[in-house]
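Take a look at the structure below.
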Amino acid sequence: MTLANSERLSYRLMDENDAHLLFELDQDPAVMKYINGGTPNTMDDICNTFIPRLKAFTNAEQGWGLWQVNITETEQFIGWILVRPMGFFNNERDDSDLELGWRFKQCTWGKGYASEAANHIAHTLTSNPTTLSFSATALPDNLASIAIMKKLGMSFIKEYIHKDPLGDCKAVLYRKNLR
Numbered sequence: 168m169t170l171a172n173s174e175r176l177s178y179r180l181m182d183e184n185d186a187h188l189l190f191e192l193d194q195d196p197a198v199m200k201y202i203n204g205g206t207p208n209t210m211d212d213i214c215n216t217f218i219p220r221l222k223a224f225t226n227a228e229q230g231w232g233l234w235q236v237n238i239t240e241t242e243q244f245i246g247w248i249l250v251r252p253m254g255f256f257n258n259e260r261d262d263s264d265l266e267l268g269w270r271f272k273q274c275t276w277g278k279g280y281a282s283e284a285a286n287h288i289a290h291t292l293t294s295n296p297t298t299l300s301f302s303a304t305a306l307p308d309n310l311a312s313i314a315i316m317k318k319l320g321m322s323f324i325k326e327y328i329h330k331d332p333l334g335d336c337k338a339v340l341y342r343k344n345l346r
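In this text, residue positions in the sequence shown follow the working numbering: the first is 168, and each later residue adds one.
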């Protein structure tokens, strides 16, 4: 699947050759604050944990994976949008409910890029009749991500313990039903 550009942004599905971009993004403690408490990922983390996970859920035909987001005018990499089935890594996989996630460089925060990119990608994926909903999770105090969820038309579902092989954490779940 390829994505057309949105108003200000262009998109490309990422793969193992993008490890340097993933590493670069994860070096800012502010970017990592709600991921792991603010610790930058090492290149070893990217290559031995993140890339294998990325390969596991990427399905270009379905539009699943990490969508690299660039500013169209400058071709500057600014972040990514995650798309994968909910519960992919905790044995509760639901291909009809797609998880959206995002990580963007701090210098782009507050400019609407994450909302624009997530909305554009979600809108493109709604053409698949098997996609019944979009969901997103965040730590309860990650107000910026929760604001993006609300801009995408998602509603609060619950506070829960998010289960993941990399560690469980208290989270909030938001969802938008499509049908």
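In this text, a Cβ means the ideal position worked out from N, Cα and C, and glycines have one as well.
Suppose you measure from the CA of V339 to the CA of G205; what does that come to, to the nearest Å?
19 Å
Just tell me which of T275, A197, H187 has its CA closest to the CA of T209.
H187
Among S312, T169, E228, I213, nearest to L267 - alpha-carbon criterion
S312
On the premise that I248 lies in contact with I288, defined as a C-beta separation below 8 Å, what is that separation, rounded to the nearest angstrom?
5 Å
Could you tell me which residues DSSP pairs with Y280 in its beta bridges?
For Y280, which the question treats as bridged, DSSP gives no partner whatsoever.
Do L265 and F301 have their C-beta atoms within less than 7 Å of each other?
yes
Own chain partners of I213 with C-beta closer than 6 Å, once the 5 adjacent residues on each side are dropped:
A186, L189, F190
Could you tell me whether the stretch 171-185 touches the stretch 281-295, using the rule of 3 or more Cβ pairs below 8 Å?
yes
Pair within 7 Å by beta-carbon distance, S282 and K318
yes
Report buried or exposed for L333, applying the criterion of at least 16 other Cβ atoms within 10 angstroms of its Cβ.
exposed
Excluding the five sequence neighbours on either side, which residues of its own chain have a C-beta within less than 8 Å of the C-beta of D335, listed in chain order?
I328, H329
Quick check on T297: buried or exposed, where buried means 16 or more other Cβ atoms within 10 Å of its Cβ?
exposed
Among the candidates W269, R270, M253, whose CA atom is the shortest distance from the CA of D262?
M253
Starting from S312, trace the alpha helix (DSSP H) in both directions and tell me its first and last residue.
310-318
Quick check: Q273 and D195, are their CB atoms within less than 7 Å of each other?
yes
Apart from the five residues on each side of it in sequence, which residues of its chain come closer than 7 Å, Cβ to Cβ, to F271?
I245, G246, Y280, A281
Rounded to the nearest angstrom, what separates R251 and N295 at their Cα positions?
14 Å
Among residues of its own chain, excluding the 5 on either side of Q235, which ones have a beta-carbon nearer than 6 Å to its beta-carbon?
R179, M181, W247
Do I218 and E240 have their beta-carbon atoms positioned less than 7 Å apart in this structure?
no
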